[in-house]
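The structure appears right after this line, and notes come after that.
There are 2 protein chains.
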Amino acid sequence: MFENPTGERERRGARTRAGGRAARLALRAAAPEPDRKPVWAGIEGGQYNPLSPSDLLSIHRAALELLGSVGIGQATPEVIEIATAKGCHLNAHGRLVFPSALVEDLLTKAAREYMIYSRDPAHADLNVGGGRVHYATSGEAVSVLDFGARRYRPSTLQDVYDTARVTDALPNIHQYGQMVVPTEIEDLFEHDINVVYAVLSGTTKPVEHTFNTVASLPAAMELYAMVAGSEKRFRDRPFVSFGGCPIVSPLRFAPENLDVLVATSRLGLVNDIAVAPQAGATAPAYLAGTLAQVVAETLACLSVVNMVNPGCPMSFAAWPFAVDLRSGAFSGGAAEVAVSMAAIAQIGRFYDLPTTVAASMTDAKMPDAQMGYEKGITAVVAGLAGANRVLESAGMMASLMGVSYESLVIDNDMLGMAQRVIRGIEVNEETLSVETIRAAVLGEGHFLGAADTLKSMETEFVYPQMADRAPAQVWAGEGAATMEERARAAAASLLSDHFPDAIGPELDARIRDRFPIRLPAERMRPIAK
Amino acid sequence: MFENPTGERERRGARTRAGGRAARLALRAAAPEPDRKPVWAGIEGGQYNPLSPSDLLSIHRAALELLGSVGIGQATPEVIEIATAKGCHLNAHGRLVFPSALVEDLLTKAAREYMIYSRDPAHADLNVGGGRVHYATSGEAVSVLDFGARRYRPSTLQDVYDTARVTDALPNIHQYGQMVVPTEIEDLFEHDINVVYAVLSGTTKPVEHTFNTVASLPAAMELYAMVAGSEKRFRDRPFVSFGGCPIVSPLRFAPENLDVLVATSRLGLVNDIAVAPQAGATAPAYLAGTLAQVVAETLACLSVVNMVNPGCPMSFAAWPFAVDLRSGAFSGGAAEVAVSMAAIAQIGRFYDLPTTVAASMTDAKMPDAQMGYEKGITAVVAGLAGANRVLESAGMMASLMGVSYESLVIDNDMLGMAQRVIRGIEVNEETLSVETIRAAVLGEGHFLGAADTLKSMETEFVYPQMADRAPAQVWAGEGAATMEERARAAAASLLSDHFPDAIGPELDARIRDRFPIRLPAERMRPIAK
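If you read the protein sequences in the order shown, they are chains R and S. Quick note: the first sequence uses our numbering, first residue 293, plus one each step. Quick note: the second sequence uses our numbering, first residue 293, plus one each step.
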């Protein structure tokens with residue numbers, strides 16, 4: 293159904309190339325403009341609104357009703373004391389009830405945005421808020437895909453470091469959040485401090501991780517301060533956000549994680565929680581009901597944070613997940629999760645709160661076509677809805693149970709595509725190109741050599757690194773590889789070669805002297821050949 | 293980062309299942325409600341608006357300026373006569389110029405919607421217009437993927453029939469448009485009439501195909517009338533829309549296809565054209581410029597149709613494609629195409645015209661992860677933007693050069709997911725579930741056995757046919773297949789078993805008596821075992 297520039301109908305295979313050879317050579321010779329890029333961290337989203345204004349109000353009112361009557365169970369004595377002093381009370385079931393006026397007042401005090409800094413100007417700082425969209429890894433999976441064997445093996449501390457340094461090399465992923473847990477470390481403190489070390493030595497991008505225990509926080513703060521140069525420097529330009537799940541759905545606190553939330557709030561750190569009910573299991577099957585519940589649960593956390601330390605940075609991190617009701621299995625790649633996460637991004641804009649959501653997830657076990665579309669659809673709708681930070685967005689597989697290095701590399705391309713869609717189309721007199729069109733029509737008959745084409749080719753178009761656009765014959769001649777086979781090779785190359793000097797030998801020695809670091813130094817540099 | 297309903301942190305693999313066995317058994321026993329489905333043909337899109345209101349006006353004005361000064365080249369004498377009688381004129385370059393007032397007047401006369409009927413009540417009629425979204429195949433590729441050999445072979449008449457009958461079995465694809473051409477048939481008339489026969493005998497869904505020559509139209513009309521029962525019955529409930537490319541970009545008519553457009557308009561048939569400039573090659577590299585040009589080109593076609601037969605059904609079928617400027621290769625799976633097609637859907641809503649766009653395309657050669665995300669992202673954003681008919685949306689591979697039966701099956705699942713996202717979230721007192729939540733919190737502590745869960749599981753959630761959601765261990769135990777391997781088996785099963793009785797033996801004999809039908813009858817039924 294296409295015509296080439298000479299107007300001849302092409303039916304037998306020639307339609308993949310257009311225009312003259314000279315023009316293409318000129319294009320290839322055109323120097324890129326390094327200060328302008330087709331996509332960037334913080335592209336403006338929010339063009340997609342799954343909910344109507346009255347839907348937003350209905351969900352807000354339902355959430356307030358839940359907080360004001362059903363309340364939240366399992367509050368700690370410390371939180372009960374703080375909250376009752378502000379006007380909350382315990383109801384007949386011993387659940388902490390939040391009056392609507394209090395919640396709405398605390399909403400006015402909440403942080404509108406926050407920063408997570410990069411440790412290297414080569415990577416972007418994250419300015420989280422408004423409609424600005426960033427993509428991050430995260431997930432704390434327990435296993436890693438062995439691509440060749442098609443099986444998942446337990447994840448290790450080495451994988452924490454390796455996923456961090458692969459992510460360090462992938463430009464469309466803006467933050468490294470802890471993707472796996474070191475399943476071989478049983479001691480909670482050693483587990484936590486080694487995760488901090490592995491993450492910070494794997495990348496200079498903004499990072500995120502969780503703690504198993506609040507007891508690890510002082511040592512971690514010491515380690516951050518060593519890396520930043522001083523505690524003041526770290527406080528001034530924090531490069532870490534702190535994950536945690538302070539809620540057990542439906543409508544209960546998780547005491548250990550609530551302790552961490554209170555402690556990090558007192559310190560004014562970035563609270564990067566996740567509130568993750570599952571529609572049909574730990575939340576209603578109706579998606580609207582799950583939204584009402586998860587908004588209530590997240591507003592409870594927000595209320596606690598802003599009672600402890602008004603304006604302390606916190607993500608509105610309502611993560612409405614779902615189960616497949618045929619089996620009870622958690623499903624991360626479901627359409628219902630995609631549209632619910634997008635709704636949360638819109639609700640976050642309604643509240644003017646910085647949001648994180650979970651998207652770009654999949655239930656696939658291999659980096660295959662299912663993985664591609666489940667991740668692609670969920671990633672792009674979350675960004676279009678204006679989610680500020682899209683977590684779980686690269687490398688996560690198997691309903692968040694595992695990680696794939698191949699997927700991490702593929703997702704970098706996919707996220708570049710999603711970001712280019714979110715960026716949209718700039719319409720102005722220059723880009724409308726009326727005079728360019730007139731000149732082409734009355735002149736060459738095509739646009740390949742036009743000045744605007746040369747000028748815009750590196751800024752208007754995103755060029756994938758792994759995706760193949762060659763004609764079928766060329767592809768066949770080059771080995772007929774699938775995307776996942778190309779990604780395997782690319783991931784292997786990064787794993788053997790990309791070792792960012794994120795800490796430096798002198799500091800590394802001091803850290804190893806001070807903490808029980810388990811990552812062997814010889815596994816943190818290229819293997820000598 | 294998840295908690296199960298009992299509140300225990302799950303870190304070693306148990307988090308994929310939630311709730312009690314008895315509740316799951318009750319869910320499995322719950323009877324589906326056959327009259328309600330989670331997705332359907334004509335779901336309302338339009339929640340995503342890539343362009344601002346002033347962007348829309350700017351593009352409209354730029355298109356009118358192009359039509360009113362540069363005009364369209366290569367108009368036929370017949371069209372020049374019709375158009376100049378209405379106020380157009382030829383400019384100094386011999387190009388047909390359309391005054392803005394005439395175009396805007398014809399826009400008021402254009403059809404706001406049209407119908408394409410199914411021949412069997414088991415499939416939906418397409419009510420094309422408003423924000424109603426449908427997905428269709430199409431593409432007229434010249435090759436078919438041999439999955440095992442990883443190569444493309446030339447497509448044949450058998451493939452026209454086979455792609456039609458596989459599509460007939462896939463519920464999330466609402467129309468079969470001609471996916472491949474019979475490359476073995478050289479004679480233009482025999483080519484056209486055999487395509488009509490193969491399409492109509494392969495499926496009773498609404499269909500679309502193209503003609504090579506306007507000379508085929510009378511015989512095709514005779515064949516449609518035979519299938520419908522009479523010409524009047526066909527005219528009353530047309531089940532075919534007619535593809536064609538009346539424009540050679542930039543800003544020229546394609547005379548042969550323009551003849552078809554005038555002829556089908558006189559007959560009042562559905563004009564289902566495609567206007568397909570490529571940003572950077574046959575249109576400006578700036579996406580806004582490509583939009584201005586393709587809108588001008590499509591409005592020129594719309595003007596011709598409505599000068600010939602005011603109100604004749606026509607798709608606003610502006611298809612802004614792009615090339616990869618590094619190579620000049622056409623790219624169907626590019627982000628720039630995805631966002632441009634979405635913009636066209638919005639522009640069509642601005643004009644209140646029925647739109648078709650091309651999306652769910654890929655540059656991948658195998659049904660792999662690249663295919664998955666390129667198709668997933670382009671398919672969902674086109675629908676969210678409210679495209680009435682999304683063509684090229686299943687089975688197309690390799691920058692539209694080839695078709696894959698495996699992809700066709702996979703895309704059916706993907707389109708189900710996209711449609712569920714587009715459907716959005718119904719918010720009302722019942723779905724907000726406040727009382728259900730209260731009861732669960734104070735009772736069981738979960739929602740698996742709740743009445744609302746049983747009631748909504750078949751209507752709130754779409755369950756994929758091919759996508760795998762099993763835990764990794766179960767998946768490994770069942771052979772650790774990829775999506776594409778499962779799709780190969782499913783496609784083979786449909787190819788060997790699904791032969792819709794779309795025409796019937798008596799009528800088939802009469803058609804074969806009247807026309808030079810090449811498809812052997814023995815290739816149109818299961819092979820005897």
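Ideal placement from N, C-alpha and C gives every residue a C-beta, glycine not left out. These numbers come from a predicted model, not from an experiment.
| Item | Value |
| --- | --- |
| Beta strand (DSSP E) segments (min. 3 residues) lying fully within the stretch 513-586 of chain R | 532-535 |
| Neighbour flag for R:His426 against chain S, beta carbons, 9 Å | no |
| According to DSSP, residues forming a beta bridge with R:Ala433 | R:Val472 |
| S:Asp805 in three-state terms, based on DSSP | helix |
| Start-to-end residues for the alpha helix (DSSP H) that takes in S:Pro345 | 345-357 |
| Reference R:Val271; option with closest CA among R:Asn601, R:Thr723, R:Val499, R:Ala416 | In this structure chain R extends from 293 to 821, so residue 271 of chain R is not present and cannot be described. |
| Residue from R:Ala772, R:Ser361, R:Lys401, R:Glu722 whose Cα sits closest to the Cα of R:Gly386 | R:Ser361 |
| Assumed close pair R:Gly668, S:Gly668 - CB separation to whole angstroms, cut-off 8 Å | 4 Å |
| Cα-Cα separation, S:Leu356 to S:Ala610 | 15 Å |
| Separation of R:Ala634 from R:Asn720, as counted between CA atoms | 29 Å |
| S:Val754 to S:Arg712 span [Cα, whole Å] | 7 Å |
| Any C-beta of chain S under 9 Å from that of R:Pro605 | no |
| Contact under 9 Å by Cβ, R:Thr475 with R:Thr448 | yes |
| S:Ala322 versus S:Gln638: straight-line alpha-carbon distance, rounded | Caution is warranted here: a pLDDT of 48 is assigned to S:Ala322, below 50, making its placement in the model unreliable, and the coordinate value is therefore given only provisionally. Using only the alpha carbons, I get a separation of about 41 Å. |
| Every unbroken alpha helix (DSSP H) within the stretch 621-672 of chain S, with a cutoff of 4 residues, ordered by chain | 627-643 |
| Partner residues on chain R for S:Asn341, Cβ-Cβ distance less than 9 Å | Gln339, Tyr340, Asn341 |
| Amino acids of chain R, ordered along the chain, whose beta-carbon sits closer than 8 Å to that of S:Pro763 | Ala621, Ala690, Ser691, Met693 |
| CB-CB length for R:Ile253 against R:Ile335, believed under 8 Å | Missing from the structure shown is residue 253 of chain R; chain R here goes from 293 to 821 and no further. |
| Enclosing beta strand (DSSP E) for R:Leu734 [first to last residue] | Counting along the chain, R:Leu734 falls outside any beta strand (DSSP E), though it belongs to the alpha helix (DSSP H) covering 726-734. |
| Meets three-Cβ-pair contact criterion under 8 Å: the stretch 680-687 of chain S and the stretch 411-423 of chain S | yes |
| Cβ contact (3+ pairs, closer than 8 Å) linking the stretch 530-547 of chain S and the stretch 565-572 of chain S | yes |
| Runs of beta strand (DSSP E) lying entirely within the stretch 369-414 of chain R, each at least 3 residues, in chain order | 405-408 |
| Presumed contact (8 Å Cβ cut-off) between S:Arg780 and R:Ala768, rounded CB distance | Actually they are not in contact, since the Cβ atoms of S:Arg780 and R:Ala768 sit about 19 Å apart, beyond 8 Å. |
| Residue of S:Arg810, S:Leu591, S:Thr654 minimising C-alpha distance to S:Ala354 | S:Leu591 |
| Three-state class that DSSP yields for S:Arg778 in the structure shown | helix |
| Classification of R:Gly572 by the beta-carbon crowding that lies within 10 angstroms, buried from 16 upward | buried |
| First through last residue of the alpha helix (DSSP H) which encompasses R:Thr745 | 743-748 |
| Residues within the stretch 772-797 of chain S neighbouring chain R, beta-carbon criterion of under 8 Å | Ala772, Thr774, Met775, Glu776, Ala779 |
| Status (buried if at least 16 other CB within 10 Å, exposed otherwise) for R:Pro297 | Interpretation of R:Pro297 is limited by its pLDDT of 35, a score under 50 that renders its predicted location unreliable; no figure is taken from the coordinates. |
| Option nearest S:Ala333 by Cα separation, candidates S:Tyr406, S:Tyr427, S:Ile374 | S:Tyr427 |
| Whole-angstrom distance between R:Asp744 and R:Glu727, CA atom to CA atom | 11 Å |
| Beta-carbon gap between S:Leu692 and S:Glu684 smaller than 9 Å | yes |
| Residue interval of the alpha helix (DSSP H) (run including R:Gly769) | 764-769 |
| Cross-chain neighbours of S:Gln467 in chain R, by beta carbon under 9 Å | None at all; the shortest Cβ gap to chain R is about 16 Å. |
| S:Leu700 versus R:Val596 - alpha carbon distance | 50 Å |
| Beta-carbon separation (whole angstroms), S:Leu348 vs S:Phe642, contact threshold 8 Å | 5 Å |
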